[in-house]
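Throughout the sequence shown, residue numbering follows my numbering, covering 18 to 1139 in sequence.
Note that CB positions come from ideal geometry on N, CA and C, so glycine has one too.
Since the structure is predicted, the reported quantities are computational estimates derived from the model, not experimental observations.
Read through the structure below, which is laid out as structure tokens, and then see the notes.
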Amino acid sequence: MMVPTSTMDPEVQLRLPLDVPAEQDLLNQPVFPLIHAIKKDVEERIDASLSWDQLNAVDVNYSIFRPLVFKYAKLRNYAIVYACLVVRTHFIESASQDLAFAPLKLTRADACELLALKLLRRFTGNSDNPVDLFSVLTVSWDPLQGCPDSCMSDIREITGEDIRNADRVSALEIAISSEAKRFIASPLVQTCITDIYNGRVVFSAPATRGSILADNYKQRHVQVYDVHNTPWLDHYRLRVPRYRGIMEFVDFAILLFLFVLCLHNKSFSTMNWSEIVFIIFAFGFLLDELTAALEHGWDIYIQNMWNGFDLAFATIFIVYLGCRCRGLVKDDFWWNDLAYDILACGACILFPRLAFFAIKNNLIILALQGMIAEFFVFIMLAAVCFSGLLFTLWTLSRGSATWNLRKIAWLMTQVWFGNTFLSFTVAESFHPIFGPILMVMFAALSNTLLITIMISILSNTFARINEHASEEYLYQFAISTIEGVKSDALFSYQPPFNILALLFLYPLSTCLSPRQLHTANVFLIRITSFPQLIVIGVYERCFAPGSRFIATTKAAGSSMFDSVSRQFRLFESFMGTSRDDVMGAIFEIDVPPSVTNAFSTEDDREPGMEDSAEFGKAQEPDETRQGRPEIVLSPTPRRSRSRTSRTYREEQPPNSPLARLFGTVRQRAISAQGDALGDIRKIGEAMENLKEAAMPGDKLRQEIKELSERQPIDFEGEVNLFHFVLLRSVGKGAFGKVRVVQHKQTRDLYALKYINKAKCVKMKAVANIIQERRLLEEASHELISIGFNLRYAFQDDENCFFVLDLMLGGDLRFHLERLGSLSEDTVRFYVAEIASALTFLHDKRIIHRDLKPDNILLDEKGHAHITDLNIAVHYSERRMLTGVAGSMAYMAPEVLTKKGYTYTIDWWSLGVCAYELIFGKRPFRGKTNSDLTHAITRDSLKFPEDASAKCSREGMYVLMGLLERDTTRRLGCKPNGEGFEELKKQGWFKNFDWDRLEDKELEPPFVPDSKRANFDATHELEELLLEDNPLKARPRKANQDVTQMSAEMRQMEEQFTSYDYRKMKRRSYYPHNHIVSSATGTSTSRPSTPANQTDSRMASVDVMPPLPATKMVPLEKAEAMT
């Protein structure tokens, strides 16, 4: 709502912000959903530990960060950088709690910092308003803004606090508290910090609940300061960090002078005037430090190394004052003398603290903080190590009048710092035999080994700080700058006037309105700081860079210089000519297109080769904006304002499965990533053209090689990769990938999962692959809801291949995150289908062990299918399994307690999935693994407050039955198939046609959108641009010498056998490899399991015949797209 100018407060009228979004618009921008969306994307895309340089690599940038930047930049949400830094803080905190995955967590934290930096460049680069940069970095946000009520209640239960008035912080404060030094050291952030430091940009954050005396009346938006539209006595200029630093220097000089005067005029009986003035001034200094710490929090306050010196002096002063008061009250000379001695120690801090104002940018000063900290840690460790020697020497010398514990400790300290000869002269006084031996050992260790280690540690610390000295300085500069931007009323007063303001304003704050308190505060500030405000006003109007007086003086001097004859311009001969100004002016003008087009060709102007970085930039209007004063900000790189317009042809909705697969992906990629993805595809085509334009000899040799590899396709022989057409890449895991293929003879579409053998051996996952190969063949069944119907299996010299049924509907996790929750009818249908599939697996003596929404795929009609047998195992009632495997949130209690389990754990996981699909959250949750384990094994099952609106009473009974901790009473767990029959008889499945369900004749209540692709399109982009060795059909080498292979490679060659569902007979791998049934039939007899079958944790295999003990590494969820 616009406020009429005639009724606007004069102070507010002078300080209208420039093109800053309205406060109501900022309050409507979601923050909580944005934080969780970024966290989810980072966790899904970053699954390996990488360094900062690796994160900045070109391939990682194009495959991971570029799509995310396009995704979030188009939101135009001012909280985007804040959200990235909040997620970074979360990953850093979780890294300290989960040490096993600490490197991965820290990599994700660095990824969030890099993403924030890229989004900041994108956000501000697409804007004509320079204030956008400052708004993104300095606007304070509430992390719960946009949080749903259900999540709000959960957060309130976890914190146990009133979270309605949570403290709001800005992106800059989050960056400082999380030590995002690379982000802070970036040019854009430093531009903002420098302008705040110099006072060119003015903003004030609202005072927090920790403020001593808050003055939140007339909170100002980010604004560019214009000296000509502000009053002379502008009290806000006292908060400019540059001026504040000068005044702090003067305050320290006065404090040091009073400190020396107090020690010079000692009075043991009473306090003289110099001591009283010093105590008052020191109290003002303490109040100023306390205000700074409470305003921005101790976590930011202690990051500044100078605040450590201030805290040390404050501690010395408080101890001095306590001793001095005790001495005066009791008239005790000893306490008074001790007080002055303690105060004298403060000179060790005050003198260098004042000198540091002049040399605070020095590298040595920056290195001292880290080196002193490591030095004290090393000394403490050495003291602990030698405490045993101290006790030994004290024991040996017991009864001696020469030595006591204090004297021995002082002797060891002298030896430690170099007085080695003392240890030799007094060694025998401890013990004639053991004394010399112990003292020689101590002298050798302390003066040779430990001193060498300490010097090496400190040298490495200095080298590390020296390497990042620039970042460290800019980080300290950011802390001191942000500390200067405070809304606490006491901060605008200089010591000791802040004590007067506290005594005068604090009682008034309880009875005055905010406006009246603000008026009284401004009046008192202008009275107590009148000289400072006059000096600042004169300087900014007459002597500051860009002021009218300086500009007029320069213009007059330049005119006078130009009027002098050239032969008298001796000064120019010494200082140089103006050629630098000319060269700079060349790039400041707008050049007509005809000038540059004279050297261009048609190929150079190909649309596919245009700079994709120009996407999304707004065109600059022809006429300049009126009514805005000329603004002088820190220089920023000039950017081109041109924008290339592109038009895309509208496509009709696809009809066939193949058209839907590729047509919808193309439409989704265009709508999600805009022109950038099209440009990248053009770049890829251009790269292919460059390859074709290589030297004729290379091209000829390549063609000869391809011709030699071509051979007729024998569809009657063993299946191989030549039988398939390679189509789109749709998934990627730790060492395997998934892509869509088409059989050349039948034209059927399948999902091809291929695993690199070398990576498989390197990650010690050979047993996993063979295990999965066997279980896939054993479990393949067309009439049950199994998503891993194995069609073909084969291998070449580099990869192992699985060809499986293709599911185009995506997994349930994708739909759950998109919809929030599913209807009860939909979940009931999926529970029935998955229960039928689990019964089939359990009849085959197979436990899935990792049932979750991520591993439940939908076909294009909406039927559910189980996938991912990577950690599935065979089981036997004669030997319970005890290995901990699967996803912890879906594990049954008997898995976590390691008391032994069988197929019953799958029914528990089904209950967790059903609960999550209906209510949008899991039944048992915890912040840490121990909390989650306690919740699963101990906490009672609770339903949400709105459970009755989402689920019927019969459905809740089924959920309670599946989530029963007693396996003898758990629904579905009765032996010999009786559990499944018990499930069918539940009231939730009344009138449910199970026969039509198994025949896939029931119509699913939920059908995936056929106009969208339910997988990430960036996998294809990554395969196009970044894959060094793309998948290609190659013939196998003839007559390979198996004896020369490693044991793991030989194991894959021998046990990863070829499989063709059309003509092979499925074999059981226990006990004697006899034929069970054909591929299209079913087995009616349950195969037996050997008694010596062993269980595995995640690091072993439960199959027969026994395989070599090889570490199992679960495949990633992305591989389970099949």
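By the Cβ criterion, the stretch 450-460 is not in contact with the stretch 381-396, since fewer than three pairs of Cβ atoms, one from each stretch, lie closer than 8 Å. With respect to F997, L839 sits apart: the two C-beta atoms are not nearer than 8 Å. In this structure, the CA atom of T176 is about 21 Å from the CA atom of R955. At a Cβ-Cβ threshold of 8 Å, Y932 and L976 count as neighbours. By the beta-carbon neighbour count (other beta carbons within 10 angstroms, threshold 16), L189 is buried. According to the DSSP assignment, G748 belongs to no alpha helix (DSSP H) but to the beta strand (DSSP E) extending over F741 to K749. Under the DSSP assignment, H245 falls outside any beta strand (DSSP E); it carries neither an H nor an E label. The alpha-carbon of R125 is positioned some 24 Å away from that of P870. Here N872 is buried: its Cβ has 16 or more other Cβ atoms, across all protein chains shown, within 10 Å. Nearest in C-alpha terms to A133, of all of F118, D963, N94 and D166, is N94. Comparing C-alpha distances from W1005 to each of Y974, E196, L807 and L874 shows the shortest one belongs to Y974. Out of A119, R83 and S113, the CA that lies nearest to the CA of R139 is found in R83. Classified as exposed, V742 has fewer than 16 neighbouring CB atoms from the shown chains inside 10 Å of its CB.
Only residues of its own chain outside the window of five on either side were considered, and among them Y318 have a CB closer than 6 Å to the CB of N324, listed in chain order.
Residue state for K770 is assigned as strand, using DSSP reduced to three classes. Assigned with DSSP and collapsed to three states, C817 falls in strand. Counting only runs that start and end inside the stretch 135-167, the alpha helix (DSSP H) elements of at least 4 residues fall at 148-155. Closest by C-alpha distance to D828, out of L875, D149, I454 and L406, is L875. In the structure shown, V901 falls within a coil segment according to DSSP collapsed to helix, strand and coil. In the DSSP assignment, F846 falls within the unbroken alpha helix (DSSP H) covering E841 to D860.
In the three-state reduction of the DSSP assignment, I606 falls in the coil class. Here Y510 carries a coil assignment [DSSP, helix/strand/coil].
Listed as beta-bridge partners of R896 by DSSP are S893. Closest option to Q431, judged by alpha-carbon separation, among V401, N464, P1052 and I454: N464. If you look at H448, you'll find it isn't in any alpha helix (DSSP H); DSSP assigns it neither H nor E. Using a Cβ distance threshold of 8 Å, H882 and M824 count as a contacting pair. Contact between I97 and L121 is ruled out by a C-beta separation of about 24 Å, above the 8 Å threshold.
The DSSP-derived three-state label of D348 is coil. Three or more Cβ pairs drawn from the stretch 277-285 and the stretch 349-362 lie within less than 8 Å of each other, which places the two stretches in contact. Residue environment: L398 is assigned as exposed (fewer than 16 neighbouring CB atoms within 10 Å of its CB, all protein chains considered). In this structure, F295 lies away from F266, with their beta-carbon atoms at least 8 Å apart. In this structure, Y492 lies near K198, with their beta-carbon atoms less than 8 Å apart.
In the DSSP annotation of this structure, the continuous segment of the beta strand (DSSP E) that includes V755 starts and ends at G753 to H760. Sequence-distant partners of W433 (beyond 5 residues in either direction) whose C-beta falls short of 7 Å from its own C-beta, in its chain, are S463. Between C209 and F151, the CB-CB gap stays under 8 Å. About 16 Å separates the CB atoms of G978 and T856; that is not less than 8 Å, and the two are not in contact.
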